[in-house]
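Residues in the sequence shown are numbered from 1 upward in steps of one, following the UniProt record's numbering.
Just so it is clear, CB atoms sit at the ideal spot from N, CA and C, and this is done for glycine as well.
Structure first, then comments.
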Amino acid sequence: MIQLNPQQKAAVTHLGSPLLVLAGAGSGKTRVITEKIAWLIDRGHYPPDRIAAITFTNKAAREMKTRVSKRLKRGRAEGLTVCTFHSLGWRILREEPEASGRRKGLSILDQHTAADLVRELLPAGAKNDMVYAVQAGIGRYKDAGIEPEAALARAEDDNDARAARLYREYCDRLSALNAVDFDDLIALPAKLLSDPVVRTRWRRRLAYLLVDEYQDTSAAQYRLLQQLVGDLGAFTAVGDDDQSIYGWRGARPENLSLLAADFPNLAVVKLEQNYRSTGKILQAANAVIAGNPHELEKKLWSELGPGDQLTVMTYADEADEAEGIARDILGAHHGSRVAWGECAVLYRSNFQARALEQQLREHGIPYLVSGGPSWFDAREIRDGLSYLRLLVNPQDNPAFLRVANAPRRGLGSSAMARLGSYADATGKSLFDAALDPLFQAELGANTARAFRVFTNLLIEFNDRVERCELSDIGPVFAELMDHVDYLEWLTGQDDEPKKADRRRRNLDDLTGWITRLGSDVDSAQELLARVSLVAGPDDDRNDGADLVRLMTLHAAKGLEFPRVWLAGCEEGLLPHQKSIDEGQIEEERRLMYVGITRAGRRLVISHCRARRRQRESRECQPSRFLDELPPEIVDWPGRAGKEKPTADDAKANIAALKALLEG
């Protein structure tokens with residue numbers, strides 16, 4: 001066992017009752033989970049194929065699996081399950097399709113395709129806001145375990161009522177497509193595990209669970225875990241109620257409290273030693289989060305020394321703030337030899353990035369914006385992934401629907417509607433229905449020929465995939481896209497050469513990604529699951545690059561940087577006005593806590609006297625969270641009666657630094 005502090009060691013070696021590890025920011029929780037997996041296997045408590053570690057992101061799962069593999073002797077981790085909640089749900093559904101009312105060849109609808117399905121159920125011309133509100137409403141019903149028949153009685157507003165009325169029809173459409181959406185990946189396994197036979201089977205297969213980021217679990221995820229662990233409670237849950245910042249996504253920090261109620265013999269270990277931040281940064285974090293109620297108290301501390309004072313800067317407006325931050329970063333880089341990649345600028349809302357980007361560009365500072373539009377949102381990526389799904393599984397109805405006429409091959413909405421009706425009436429997949437001679441006999445010659453060309457294409461390339469090595473799936477995919485002239489068709493619709501070039505690069509990146517995955521999986525079905533379960537960018541291509549990182553506080557969770565600038569700490573922004581109006585200050589305070597604890601050595605917090613919103617400048621007040629910072633550790637020039645440095649002063653300082661370096 002590697003060197004652990006006493007609390008970490010207690011968490012690793014605890015066995016015999018359920019365990020909650022209350023892990024503060026920067027306290028080494030990933031080390032504890034990986035060491036516990038190794039300890040369970042080394043000591044012979046459980047074989048690796050009966051242990052499951054569950055995380056919230058694919059990236060975290062990859063990192064954890066790599067750490068465990070390095071920690072154990074070669075081959076000792078074989079059979080170990082390390083995956084996300086959605087991957088685990090998909091595994092259960094794929095192996096138990098009939099129990100969930102589906103058939104073999106089940107497919108997953110991404111968020112966009114699911115939204116398109118909702119749009120079809122709404123009146124023509126329904127706006128995106130209504131579509132997404134209904135989609136979210138249905139998701140909440142599924143998360144709560146509410147069946148369609150009971151949903152209307154639970155509706156709290158018009159959006160909920162609209163979602164309730166469409167809930168049954170939406171579920172019927174999914175069933176007809178032999179598909180599930182992302183909410184189903186948790187809700188359906190939680191439901192089918194209520195069957196004693198199915199539940200016993202899975203409890204034997206997964207005898208011990210370790211759950212990371214437990215504070216972010218939803219109601220459905222909690223039910224799923226309860227079903228898997230049973231009364232014995234063979235699990236370790238690791239979480240931090242102070243870092244629960246995803247309430248809008250269904251996370252329920254109260255699940256931490258439910259553990260003690262549902263498992264009376266629950267043991268609790270607190271990890272309070274922080275290995276990331278200096279003492280004054282932790283003092284600030286402890287002071288801010290103390291404003292929230294706690295059933296389980298903890299207080300972060302560090303052996304890294306007190307460190308520098310925190311700085312709070314007051315700026316005139318967002319342009320002044322962005323320029324000040326850019327100058328500060330430039331000064332740190334040239335004056336203190338701080339690498340660009342050691343710096344991060346964090347903010348509450350995406351719109352704040354614009355002014356910051358402008359100033360970083362003007363000052364020649366290299367940067368990367370995280371948390372913007374997803375690579376997976378691009379049309380060419382969504383179409384490409386649908387073609388990939390059909391390569392592996394021609395029975396995938398949603399994928400068939402998406403690309404049957406992309407590029408256009410004479411299979412428009414009328415032809416696809418007739419195919420859908422025939423498939424429903426005969427209980428066949430769209431692919432099998434399109435091959436049916438009886439169906440083709442009902443069509444005109446051109447339409448029948450178009451269906452034959454498309455299905456024959458899928459048969460030919462599916463046969464090649466079944467015969468090729470997994471590492472060759474990427475090249476076969478690229479050949480298919482070339483064969484149908486997809487890129488030529490799509491870029492022919494673009495007036496801007498830059499846009500066409502971006503589409504081409506995206507498809508090249510997709511081919512490369514598929515090729516890399518092919519070398520890292522054991523079957524084409526596993527490759528497809530890995531691709532389908534990526535719900536966001538989860539893109540680490542720029543990890544380690546020497547770039548200043550710009551990102552929202554939500555995107556920053558789990559990351560750390562030696563120097564952090566926390567921008568826009570104003571009432572109405574942090575805390576956000578919507579949260580103020582809805583009485584959700586506790587989660588906003590946790591966001592502030594997350595922002596503070598991303599910093600290792602230096603933290604600068606800023607606010608503006610005025611900020612432009614919706615084309616007009618509005619007066620701003622400092623965030624209430626700034627008043628909660630201990631004054632003895634904060635240097636706040638504006639408040640202390642000192643004038644903040646002027647632009648001329650800062651430029652003179654930069655000039656002096658450059659002259660010194662040149663000399």
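Check	Outcome
Cβ-Cβ distance between residue 666 and E586 below 8 Å	Because the chain spans 1 through 663 in this model, residue 666 falls outside it and cannot be assessed.
Inter-residue spacing [alpha-carbon to alpha-carbon] between residue 693 and A415	Within the shown structure, residues of the chain are numbered from 1 to 663, placing residue 693 beyond reach of any answer.
Length of the line joining the Cα atoms of T426 and L490	34 Å
Candidates R516, F431 and L188, of which the one nearest E98 by Cα	L188
Presumed contact (8 Å Cβ cut-off) between A144 and A219, rounded CB distance	6 Å
Distance, A126 Cα to E120 Cα	9 Å
Distance, V634 Cα to R205 Cα	53 Å
Beta-carbon proximity of D241 to Q215, cut-off 8 Å	yes
H112, DSSP secondary structure in three states	helix
Close-in-space but distant-in-sequence residues of the same chain around L40 (CB under 7 Å, 5 per side omitted)	Y46, I51 and Y208
Identity of the residues DSSP links to Y367 by a beta bridge	V548
Distance, W375 Cα to N265 Cα	46 Å
Counted within 10 angstroms of its Cβ, other Cβ atoms place N286 as buried (16 or more) or exposed	buried
Under 8 Å between C-beta atoms of G341 and L547	yes
Closest Cα partner of R76 within the set V82, C83 and V68	V68
Enclosing beta strand (DSSP E) for V21 [first to last residue]	L19 to A23
Cβ neighbour criterion (16 or more within 10 Å) applied to P366	exposed
CB of L550 within 8 Å of CB of V345, strictly	yes
C-beta atoms of Q7 and L271 nearer than 8 Å	yes
Burial state of R505, where buried means 16 or more other Cβ atoms lie within 10 Å	exposed
Residue closest to P253, alpha-carbon to alpha-carbon, out of S617, G239, T455 and R613	G239
Buried versus exposed call for A151 [16 or more other C-beta atoms within 10 Å across all chains shown]	buried
Cα-Cα separation, I289 to E297	11 Å
Bridge-paired residues (DSSP) for G239	L22
Cβ pair G139, D160 closer than 8 Å	no
The stretch 516-528 touching the stretch 559-569, judged by at least three CB pairs closer than 8 Å	no
Where H294 falls, given that 16 or more other Cβ within 10 Å makes a residue buried	exposed
Where R467 falls, given that 16 or more other Cβ within 10 Å makes a residue buried	exposed
7 Å CB neighbourhood of L130 in its chain, flanking five on each side removed	In the sequence as presented, Leu is not what sits at residue 130; that position holds Met. Closer than 7 Å at the Cβ level, and outside the excluded window around M130, lie L122.
Alpha carbon of D539 to alpha carbon of K428, nearest angstrom	Per-residue confidence for D539 stands at a pLDDT of 43, beneath the threshold of 50, marking its modelled position as unreliable; the derived number appears in the next sentence. Going by the C-alpha atoms only, they are around 37 Å apart.
CA nearest to the CA of F263, picked from K280, F235, E63 and R601	F235
Pairwise C-alpha distance: K142 and H363	49 Å
Helix, strand or coil at P293 according to DSSP, with G and I counted as helix	coil
6 Å CB neighbourhood of S17 in its chain, flanking five on each side removed	N265 and A267
Straight-line gap, T217 to A251 (C-alpha atoms, nearest Å)	5 Å
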